[in-house]
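*Asks:*
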Amino acid sequence: MDISPTAMVNAVVATQQVELEQQVQVSVLKTALDAQATGALALLQAMPAVMPLAPSGNLGTQVNLYV
Numbered sequence: 001m002d003i004s005p006t007a008m009v010n011a012v013v014a015t016q017q018v019e020l021e022q023q024v025q026v027s028v029l030k031t032a033l034d035a036q037a038t039g040a041l042a043l044l045q046a047m048p049a050v051m052p053l054a055p056s057g058n059l060g061t062q063v064n065l066y067v
């Protein structure tokens with residue numbers, strides 16, 4: 001089996017291009033995940049504080065009731 005130097009160089013260059021494309025895709029994915037995490041954190045921080053249960057009485061001691 002005889003492989004020309006040009007074919008070998010082309011194969012190496014093609015492999016490097018594929019690796020670079022994969023690195024770019026992973027970088028874009030990480031950026032998107034970071035943006036989603038930031039958005040989710042902002043939503044969680046925007047939620048109102050949880051009201052505590054009533055300490056005594058007939059209502060609100062087991063489940064928070066909002067009027």
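By the UniProt record's numbering, the letter at position 11 of the sequence shown is numbered 11, and the numbering carries on one by one without gaps.
Each residue gets a CB set at the ideal place from its N, CA and C atoms; glycine is no exception.
Whole angstroms is fine: what's the gap from residue 36's alpha carbon to residue 6's?
*Replies:* In the sequence shown, the residue the question calls residue 36 occupies position 36. In the sequence shown, the residue the question calls residue 6 occupies position 6. Near 45 angstroms, if we compare the C-alpha coordinates of residue 6 and residue 36.
*Asks:* Return the first residue and the last residue of the alpha helix (DSSP H) that residue 69 is part of.
*Replies:* Absent from the structure is residue 69, since the part of the chain shown begins at 1 and ends at 67.
*Asks:* In angstroms, rounded to a whole number, what distance separates the CA positions of residue 25 and residue 42?
*Replies:* Position 25 of the sequence shown, counted from the start, is the residue given in the question as residue 25. Position 42 of the sequence shown, counted from the start, is the residue given in the question as residue 42. Taking the Cα positions, residue 25 is about 26 angstroms away from residue 42.
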